[in-house]
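Numbering (my numbering), first residue to last: 4 to 173.
Beta carbons: idealized from backbone N, C-alpha and C, even for Gly.
A short write-up of the structure that comes next.
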């Protein structure tokens, strides 16, 4: 199809000559009104699908449909996720539990206690706290590479996690 020399944008009604669409069924849009090329559009669709799958999985875990303990871990792992990601999605969907928001106070009983990014020694150290420091714990998680699992506490400040066996409840 042939176009006239000057085209009129169907959106802003400006006259333009810089672009003539190949397909006459496409709307005539000037450079300012045309959608910008975004190379990650395909990735966004994949990410949205992954988010959707994670949300479905989180709901199943929250409802107890996948069992408990090792059975739950294996079910989550078989779908390509880790339990931590699922727990975070549950928090996002349902909010924090009442016990998690209340928490409790602990005092550090060792000379130096490392605060880590996550619940386990595989996470990096973000800070160290000294003996007799009082801190508020908002949640606990039994997670580690050791058998039996050691209990980790999440700091209310959001700074990270500490090993609770090195503290005493106040």
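For the alpha helix (DSSP H) containing residue i, name the first residue and the last one.
i, result
"residue 107", "Segment 107-111 is the beta strand (DSSP E) holding residue 107; no alpha helix (DSSP H) there."
"residue 94", "86-97"
"residue 72", "72-81"
How about residue i and residue j: do their beta carbons lie closer than 8 Å?
i, j, result
"residue 64", "residue 75", "yes"
"residue 106", "residue 159", "yes"
"residue 84", "residue 116", "no"
"residue 111", "residue 133", "yes"
"residue 87", "residue 121", "yes"
Would you decide whether residue i is buried or exposed? Buried here means 16 or more other CB atoms lie within 10 Å of its CB.
i, result
"residue 119", "buried"
"residue 1", "Only positions 4 to 173 of the chain appear in this structure, which leaves residue 1 out of reach."
"residue 170", "buried"
"residue 81", "exposed"
"residue 113", "exposed"
"residue 157", "buried"
"residue 15", "exposed"
"residue 131", "exposed"
"residue 17", "exposed"
"residue 47", "Any reading at residue 47 must be qualified, since the residue scores a pLDDT of 48, below 50, and its modelled position is unreliable; the value itself is stated next. Answer is exposed; the Cβ neighbour count stays below 16."
Excluding the 5 residues preceding and the 5 following residue i in the sequence, name in chain order all residues of the same chain whose CB lies nearer than 8 Å to its CB.
i, result
"residue 108", "137, 138, 139, 140, 172 and 173"
"residue 89", "57, 60, 61, 64 and 79"
"residue 143", "154, 155, 156, 157 and 167"
Quick one: measure Cβ to Cβ for residue i and residue j, integer angstroms, because I've assumed they're closer than 8 Å.
i, j, result
"residue 155", "residue 166", "6 Å"
"residue 69", "residue 78", "4 Å"
Could you spell out where the beta strand (DSSP E) holding residue i opens and where it closes?
i, result
"residue 143", "137-145"
"residue 162", "From DSSP, residue 162 is part of no beta strand (DSSP E); its letter is neither H nor E."
"residue 13", "Premise fails: residue 13 is in no beta strand (DSSP E) and is neither H nor E."
Should residue i be flagged as near chain C, meaning a C-beta pair shorter than 8 Å?
i, result
"residue 157", "Of the protein chains in this structure there is only one, and it is not chain C."
Beta-carbon within less than 7 Å of residue i's beta-carbon, same chain only, minus the 5 sequence neighbours each way: which residues are those?
i, result
"residue 97", "65"
"residue 55", "none"
"residue 135", "110 and 111"
Report all residues from its chain with a CB closer than 6 Å to the CB of residue i; omit the five preceding and five following residues, and keep chain order.
i, result
"residue 36", "12, 14 and 15"
"residue 93", "61 and 65"
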